[in-house]
Amino acid sequence: MNAEGIRELARACGFELAGVASALPAEDRARYHDWVAAGWAGKMGYLTDHRAEVRDDPRQLLASAKSIICVGKLYQTPWPHTARFDAHDRGWISRYAWGEDYHDVMRRGLERLEGMLRESVGGALESRICVDTAPLLERSYARLAGLGWIGKNTCLINQQQGSWFFLGELLVSLEIASETPPPDRCGTCTRCIDACPTAAIVPGKGLDATRCISYFTIELRGTIPEEMRAGMGAHIFGCDICQDVCPWNGRAPMTVEESFAPRHFAPRLEEMGAITEDEFRAMFRGTPVSRARYRGFLRNVAVAMGNGGEEKFRGPLEEMARSQDEVVAEHARWALKRIGG
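1 is the number of the first residue of the sequence shown in full-length UniProt numbering; add one for each residue after it.
Listed below in structure tokens is the structure:
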């Protein structure tokens with residue numbers, strides 16, 4: 001089995017991108033540890049605990065691993081980007097979270113790929129599937145597998161496909177010739193750096209998650225720093241700005257995966273401010289938005305209302321300000337001050 005054979009199998013499993021990297025310690029693992037040491041992971045303990053060391057070597061995930069099959073699956077849909085979104089009464093949900101949870105979709109495809117590969121080699125195969133929940137420096141290996149280069153916004157960018165794709169990996173005990181990494185084609189472009197409203201992208205160094213809208217709206221469980229709230233705009237789950245402005249995404253193709261078709265991408269803030277916990281769970285069940293949890297979602301909605309400044313938000317915000325959850329209540333009070341109440 002060679003890399004081209006792997007690509008053929010991957011395409012049959014719904015992956016537009018595929019390549020192979022050697023299962024050796026990541027070349028840029030020191031850069032990752034420097035990022036952790038700088039405190040840029042914030043409160044994401046799963047990135048800084050003992051699993052940070054496991055990320056250094058994929059053989060800690062599968063002792064017999066010799067190769068890493070890296071795949072990419074497109075998720076862009078023909079709907080507006082944040083750069084062209086101007087509706088002050090609606091909240092923005094990141095494009096990747098519009099449809100079914102990608103973890104489930106990617107795992108199904110990788111399980112199929114694993115089965116096809118096992119059949120083609122006669123069953124003599126040890127393997128492990130990874131879909132960004134395993135401690136693996138997946139962008140580093142995807143670059144080594146030829147899927148793209150890591151841009152200034154820290155996203156993996158493919159020359160033909162842009163960066164609107166999910167990554168997944170299949171660690172295998174087979175020795176498969178690895179690919180050649182593509183050159184960095186960002187050049188002197190700084191659009192992502194210039195467009196970030198919270199200055200989270202540090203030139204030449206990477207992404208400071210403690211300033212990132214996606215971190216605030218998805219990963220952070222408590223209070224969002226007050227000085228960062230105005231820059232969050234209408235974002236209530238995640239952020240796409242640094243990808244929206246990337247020139248390589250100007251002609252990026254659309255996905256054909258029906259599971260990624262939008263369910264809710266810009267819900268009305270008034271309605272979201274009054275949503276009950278049961279309604280939240282029902283509305284976003286099976287989508288990545290559930291990761292924010294009800295409390296975090298209401299907190300995010302309050303901030304978006306404050307930034308929207310609409311008078312009609314006053315009633316929902318006053319109700320949220322009376323919440324027994326102090327995190328929700330405090331963000332609602334902040335929002336009321338923003339709209340003059």
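C-beta: ideal position from N, C-alpha, C; glycine also. Remember, predicted model here, so these are calculated numbers, not experimental data.
Extent of the continuous beta strand (DSSP E) to which Ala18 belongs: 17 to 22
Query - Coarse secondary structure for Glu311, derived from DSSP in three states - result: helix
**Alpha carbon of Ala124 to alpha carbon of Arg139, nearest angstrom** = 28 Å
Need the endpoints of the alpha helix (DSSP H) that Leu117 sits in, please.
102 to 120
Point to revise | First through last residue of the alpha helix (DSSP H) which encompasses Arg31 | key: 29 to 37
> Where Glu257 and Glu100 are concerned, what is the direct C-alpha to C-alpha distance, given to the nearest angstrom?
Replying inline: 10 Å
Pull up the CB-CB distance for Ala292 and Val328, whole angstroms please, since I reckon it's below 8 Å. So it is not a contact: roughly 12 Å between Cβ atoms.
Q. Using DSSP with H/G/I as helix, E/B as strand and the rest coil, what is Phe237?
A. strand
In chain order, what residues of the same chain have a beta carbon less than 7 Å from the beta carbon of residue 346, not counting five sequence neighbours either side?
-> Limits of the chain in this structure are 1 at one end and 341 at the other, which puts residue 346 out of reach.
Between the C-alpha atoms of Leu147 and Asp132, what's the straight-line distance to the nearest angstrom?
16 Å
Could you say if the stretch 219 to 227 and the stretch 64 to 82 meet the contact criterion of at least three C-beta pairs nearer than 8 Å? no
### Query
Does the stretch 202 to 220 touch the stretch 168 to 177, meaning 3 or more C-beta pairs lie closer than 8 Å?
no
DSSP-derived helix/strand/coil call for Cys192: helix
Grouping DSSP H, G and I as helix and E and B as strand, with all else coil, what is Cys130? strand
Separation of Glu119 from Ile241, as counted between CA atoms: 42 Å
- request: On the DSSP bridge assignment, give the partners of Phe165 in chain order.
  value: Leu74
What is the rounded straight-line gap between the Cα of residue 342 and the Cα of His264? Outside the modelled stretch of the chain, which goes from 1 to 341, sits residue 342, for which no answer is possible.
Quick one: give me the first and last residue of the alpha helix (DSSP H) that Trp334 is part of. 326 to 338
### DSSP state of Arg263 mapped onto helix, strand, coil
coil
Inset, instruction - Have a look at Met272 and Arg281 and give me their C-alpha separation to the nearest angstrom. - result: 12 Å
Q.
Please report the distance separating the alpha-carbon of Leu198 from that of His33.
A. Per the sequence presented here, residue 198 reads as Thr, with Leu not at that position. Their backbone Cα atoms lie some 23 Å apart in a straight line.
Next item on the list: Could you check which residue in Ile176, Gly162, Ala274 has the C-alpha nearest to that of residue 347?
Entry: Here the chain comprises residues numbered 1 to 341, so residue 347 is not present and cannot be evaluated.
By DSSP's criteria, Ile69 is part of a beta bridge. Which residues make up the other side?
Val20, Leu170
* Asked: Are the CB atoms of Gly296 and Ala97 nearer to each other than 9 Å?
  -> no
Validate contact between the stretch 47 to 63 and the stretch 17 to 29 using beta carbons, cut 8 Å, 3 pairs: yes
Label Gln76 either buried or exposed according to how many other C-beta atoms from any shown protein chain fall within 10 Å of its C-beta, with 16 as the threshold for buried. buried
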